[in-house]
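Sequence order for the protein chains is A and B.
Quick note on our numbering: the first sequence kicks off at 163 and runs consecutively.
Quick note on our numbering: the second sequence kicks off at 435 and runs consecutively.
A virtual CB, placed ideally from N, CA and C, is assigned to each residue, including glycine.
Since the model is a prediction, treat every value here as computed from it, not as a measurement.
Worksheet for the structure shown next.
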Amino acid sequence: MMAKLTPKQTRLAAIVGGLAFLAVAAGLALTALEDNIVFFRSPSELAANPAIPGEAMRVGGLVSEGSVRRDGLRAKFDVTDLAHSISVSYEGMLPDLFREGQGVVAEGRFNGEGLFVADTVLAKHDETYMPPEVAEALEKSGKYNQPHPREGGKP
Amino acid sequence: MIAELGHFVLVLALVVALAQALVPLVFLRHEAGSETALSFATRAAYLQALLIAVSFAALTYAFVRSDFSLMVVFANSHAAKPMIYKIAGVWGNHEGSMLLWTLILAAYGAAFARTAKNLPARFSSYVMLTQGLLGSAFLSFLLFTSNPFARLLPAPFAGQGLTPILQDPALAAHPPLLYAGYVGFSMSFAFAIAALATAGEPQDGRDNNWARWMRPWILTAWIFLTLGIALGSYWAYYELGWGGFWFWDPVENASLMPWLAGTALLHSALVAETRDTLKRWTLLLAIVTFALSLSGTFLVRSGVLTSVHAFANDPERGIYILAILVGFTAGALALYAYRLPKLAPDGAFQPISREGLLLANNIFLATATVTVFVGTIYPLVLDGLGMGKISVGAPYFNAVFAPLAVPFAILLPLGPLLTWRQGHLAPLRAYLAMGAVAALLLTAILVLLRGAASIMVLALFAASFWLVLGANLDLCRKLSPHRAKLWRFWTLPSSAFSAPLAHGGLGVLMLGILAATQWREEIVVAASPGQEIDIASITLRYDGLREIDGPNYRAEQARLTYMTGQHAGRYLFPERRFYEAERSQTTEAAITTDLTGHLYAVVGETANDKRVLRIWYHPYVAFIWLGAVLMAAGGGFGLRTRLRRRA
């Protein structure tokens, strides 16, 4: 049987216990963050500062016109911010609104030959939508004019 | 005309809400003014709710009649849309959804006004003036930055339509449920303010037992939030066609944080009520939970996060909501710091006791809230500092949640079994051993049937089994004196079912998540008609494609035939829909539901004259939503006990 604790001791125990727990949790969260964050890189950033093959990352831009080649389930296409571009390969089902000229974000890693092998390709369900990372990358490259909103665009 | 009426009553509602916030404050300066303050605030609360309801009805009318001279109707509706989505379109946009927000806020206010007389007048008045203050803040937000009745002249002939993925029955119900949850926590917030404002004051000779008064409102909010999140997850599962049920999307996290904090609040208020301890912590939690609900609204509505939820990216609105969030949170925390010394000191308790375990529950839930917060905010902060764009996804959350979930699930069933103040584990030994052995046996059977998995996964399975069994130990114990008469089951008070259902529901939910993520099978093929596809010991045949016309869309519909198994001869019809008015397309998954899992088929684009098909088998995935419904049902039983006791 445990000795009865005085109120003061209980409070102290609760505080010390709580703090210890919080420290463990913070450690857990920080290590998990360290291992699991994925950086976004634009084609221009990658041109200036090539990525290490095998490092997980997200890349994004517009799908270059005329670059999409499909072979069964495998698709190859270029993603561009209009200053630079990178070749992406993906095997699987592309999202509904994947098409040339559309803004996309691909998640994956570079292989040894400079080809970006994507695990997932994201495009949103609205044709005027532009992923924010892509919009910024295009803005930085300075070669992109804002698209015209669809007729009678949202006020 | 109707729209002008809607706008006009909204302005009146703002005036009434301001009066509800300020006038009682004047009367409350003297002890004798409490009754006057209360009767004024009660009437104001009713009137405010009525006015906002009229305004909401006016907007609904505009949507039903497709009045495209209203900007929101033009931008979010279309004449060729089924009636249910015209109505759901009212809250399928920023302005209308904020009007719904204030309507629910006012409805809670009016509901409280009905029972306000049962509580000390001074306390009730403070609750209602806080509600009035919240109402004024959100009504002015609506009127000044997001007027739903803004005109568009000349009126266009056709609207732009509602985003097709939002045209779905589950999504018509998702926002009202979620808001009823978020906004429900404004009640516990208002109670906390009232508790702080009246701390140390006599309350008509009654105990100032605010925790007891607060509990039914926390429960109500919690039930709605649980159902709202579950429905949103179910919608994402079948409508987005990605085959997942939770994406750790920042917007989802924004709803999970108030849920975690609210769950902690639910339990700490129980301690504060019964044992007169953890009061300060409970008050802090009540403030934080509502602040998280508000920041959920802020994150979603400001366009800080881009997702299907971000209707409009207008920085002015974001700043306004941020100001409301900071104002109310900082104000409440200042009051908290100022009035804290007035609260009676907390009582003491032993670690092995119901309070002790409820405290542990709170520590776990608070930690979980913080880890979600870190994972959600970190990318925003990093981006804001210009240190790069990152995404924090499922791997982070899995890595932090898995180790937290195991001890949490192990401790959870013990709480209801222990007595208050000083609990004893010894008399429970036989029950606990039985539960533990059964959980380990079930896990061992899984390993035999499904093969080995990682230690963490096995620990999670064992803990979930233990949770489902252990949650019902209390019920077994209560029934065991009547072993011969199982019908006694129905004579137990409804409070006896509350914790077993809610805790067992969490166990079921965890099992669903584990099974669906661990044993999921997926296949992507490019198929030509007649081709057979094997998945999860089922053979399907792709028969081909046809074009069909829906009410406001065209679709390509594929047909798959079950060749084997209990469904042999039946068809699956996955679709790709093209919405003309919205110029957009959606994927409609075809799902076969069995007790043991879902077969989930999606049709994609053409590849070399073949069709891309993606088929998943999601074992036991329905347990996830079943678990959530059980949890909400547990909350319902708890609420029932409350309301009966009061009557």
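Ends of the beta strand (DSSP E) at residue i?
i	result
residue 251 (chain A)	247-253
residue 281 (chain A)	278-284
residue 955 (chain B)	955-961
Quick one: list the residues of chain B neighbouring residue i, beta-carbon separation under 8 Å, in chain order.
i	result
residue 183 (chain A)	797 and 801
residue 177 (chain A)	In chain order: nothing, as chain B lies at least about 11 Å away.
residue 234 (chain A)	960, 1041, 1042 and 1044
residue 211 (chain A)	Simply none; closest approach about 12 Å.
residue 201 (chain A)	822, 823 and 824
Residues of chain A with CB under 7 Å from residue i, in chain order?
i	result
residue 1021 (chain B)	258
residue 485 (chain B)	Simply none; closest approach about 27 Å.
residue 805 (chain B)	187 and 191
Hey, could you find the ends of the alpha helix (DSSP H) residue i is sitting in?
i	result
residue 1050 (chain B)	Not the alpha helix (DSSP H): residue 1050 (chain B) falls in the beta strand (DSSP E), residues 1044-1053.
residue 840 (chain B)	828-845
residue 1026 (chain B)	Taken as a continuous stretch (DSSP letters only), residue 1026 (chain B) belongs to no alpha helix (DSSP H), being part of the beta strand (DSSP E) at 1024-1027.
residue 237 (chain A)	Segment 236-242 is the beta strand (DSSP E) holding residue 237 (chain A); no alpha helix (DSSP H) there.
residue 479 (chain B)	468-498
residue 214 (chain A)	It is not in any alpha helix (DSSP H) - residue 214 (chain A) carries neither H nor E in the DSSP assignment.
residue 437 (chain B)	436-461
residue 806 (chain B)	788-818
residue 522 (chain B)	517-522
residue 627 (chain B)	603-631
residue 849 (chain B)	848-851
Let me check one thing: in DSSP terms, what residues is residue i bridge-paired to?
i	result
residue 991 (chain B)	B:980 and B:1009
residue 219 (chain A)	A:201 and A:270
residue 823 (chain B)	A:202
residue 233 (chain A)	A:236
residue 1018 (chain B)	B:1013
residue 1034 (chain B)	B:1025 and B:1050
residue 265 (chain A)	A:224
residue 966 (chain B)	B:975
residue 585 (chain B)	B:504
residue 1040 (chain B)	B:1045
residue 996 (chain B)	B:974
Along chain A, which residues have their Cβ under 8 Å away from the Cβ of residue i?
i	result
residue 1048 (chain B)	254 and 255
residue 613 (chain B)	Correct list: empty, because the minimum Cβ distance to chain A is about 23 Å.
residue 837 (chain B)	190
residue 793 (chain B)	176
residue 1083 (chain B)	Shown here, chain B extends from 435 to 1081; a query on residue 1083 (chain B) therefore has no answer.
Are there 16 or more other CB atoms within 10 angstroms of the CB of residue i, so buried, or fewer, so exposed?
i	result
residue 269 (chain A)	buried
residue 591 (chain B)	exposed
residue 313 (chain A)	Because residue 313 (chain A) carries a pLDDT of 32, less than 50, the predicted location of this residue cannot be relied on, and no value is offered for it.
residue 221 (chain A)	buried
residue 924 (chain B)	exposed
residue 1064 (chain B)	buried
residue 908 (chain B)	buried
residue 448 (chain B)	buried
residue 968 (chain B)	exposed
residue 1047 (chain B)	buried
residue 743 (chain B)	Residue placement at residue 743 (chain B) cannot be trusted, given a pLDDT of 46 that sits under 50; what the coordinates show is reported in the next sentence. Buried: at least 16 other Cβ atoms inside 10 Å.
residue 926 (chain B)	exposed
residue 654 (chain B)	buried
residue 768 (chain B)	exposed
residue 668 (chain B)	buried
residue 192 (chain A)	exposed
residue 598 (chain B)	buried
residue 938 (chain B)	buried
residue 1077 (chain B)	exposed
In chain A, what lies closer than 9 Å to residue i by C-beta?
i	result
residue 551 (chain B)	Residues of chain A passing the Cβ test: none, with the nearest at roughly 37 Å.
residue 722 (chain B)	Chain A residues near residue 722 (chain B): none, gap ~15 Å exceeds 9 Å.
Along chain B, which residues have their Cβ under 7 Å away from the Cβ of residue i?
i	result
residue 194 (chain A)	830, 833 and 834
residue 180 (chain A)	797
Starting from residue i, find everything on chain B with Cβ-Cβ shorter than 9 Å and list it in chain order.
i	result
residue 228 (chain A)	None at all; the shortest Cβ gap to chain B is about 17 Å.
residue 220 (chain A)	823, 824 and 825
Starting from the N-terminal side, write out each stretch of the alpha helix (DSSP H) that is 4 residues or longer and does not extend beyond the segment 696-740 of chain B. 713-735
Please give the ranges of any alpha helix (DSSP H) in the segment 644-693 of chain B, keeping only runs that are unbroken, at least 4 residues long and fully inside the region. 644-673
Contiguous alpha helix (DSSP H) assignments of at least 4 residues, all confined to the segment 528-574 of chain B: 528-549
Could I get the ranges of all uninterrupted alpha helix (DSSP H) runs contained in the segment 866-941 of chain B, with 4 residues as the minimum, in chain order? 889-905 and 907-913
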